[in-house]
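Residue numbers (my numbering): 1 to 230. Here a beta-carbon is modelled for each residue, glycine too, at the ideal position from N, C-alpha and C. Have a look at the structure below before the remarks.
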């Protein structure tokens, strides 16, 4: 499997996805936008994974490569390439498909429940209720034709699917303890007291079982997207 990763900052990486890719024997390449904005031909890829980052999809004047990345994602989705977007990656997918991305009513940082929807088939179905890790201040409208997969009180649109091969997740299922530490180190200034913003202590309080459950759900999503075409 030929996989290309879109990484926006050094401290937000693949997390638990790396182990899944290794077990699959995937050939992994990456565009690290903090080093280079060179992108491969979509036709050479089978799977694109767009990771998170602290910037906004609307920062094109400051970060002109965002426009090229959105076009790349739009081309990948429309060509039927498997695409997974996480947090900023999901917002980029939404924007690439013409949906609006804007500050959400609530900043959401921490471990909070998410509630799975029951979209019509074919679509991935999340558990009725699960706890995920969040770190975002923006949200998005659903792209035209997208199916809502999950939501919660802080953010109505937490996950969506376009077609059978593209999925955007506002939350993080790939998170590891090291990933949480890295986010706190680089973005800890965002931890201002709010209804859906936890403290550093609360962010670090998750058990090994919490991470195992989270990462297992990440693998279910990846397995679903990677399944053979019908």
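Between the alpha carbons of residue 149 and residue 75 lies a gap of roughly 22 angstroms.
The shortest C-alpha to C-alpha distance from residue 95 to any of 226, 68, 116, 81 is the one to 68.
The three-state secondary structure of residue 106, taken from DSSP, is strand.
Put simply, the backbone Cα of residue 173 is about 13 angstroms away from that of residue 127.
Residue 7 is bridged by DSSP to 32. Within the region 73 to 107, the runs of beta strand (DSSP E) at least 3 residues long that lie entirely inside it are, in chain order, 82 to 86.
When only Cα atoms are considered, residue 31 and residue 202 end up about 33 angstroms apart.
Taking the Cβ atoms as the reference, residue 89 lies roughly 20 angstroms from residue 117, outside the contact range of under 8 angstroms.
Taking C-beta separations shorter than 7 angstroms and ignoring five residues to either side along the sequence, the partners of residue 28 in its chain run 3, 5, 21, following chain order. According to the DSSP assignment, residue 209 belongs to the alpha helix (DSSP H) that extends over 208 to 226.
Collapsing the DSSP output to three states places residue 190 in a helix. For the pair residue 93 and residue 46, the CB atoms are not nearer than the 9 angstroms cut-off.
When secondary structure is reduced to three states using DSSP, residue 69 falls in the helix class. Under the three-state reduction of DSSP, residue 147 is assigned to strand.
For residue 129, the number of other beta carbons within 10 angstroms of its own is below 16, and it is reported as exposed. By the 16-neighbour rule on beta-carbons within 10 angstroms, residue 143 is buried. Sixteen is the threshold: since fewer than 16 other Cβ atoms of the shown chains lie within 10 Å of the Cβ of residue 199, the residue is exposed. Just so you know, the alpha carbons of residue 18 and residue 178 end up roughly 13 angstroms apart. By alpha-carbon distance to residue 23, the top candidate from 228, 229, 219 is 219.
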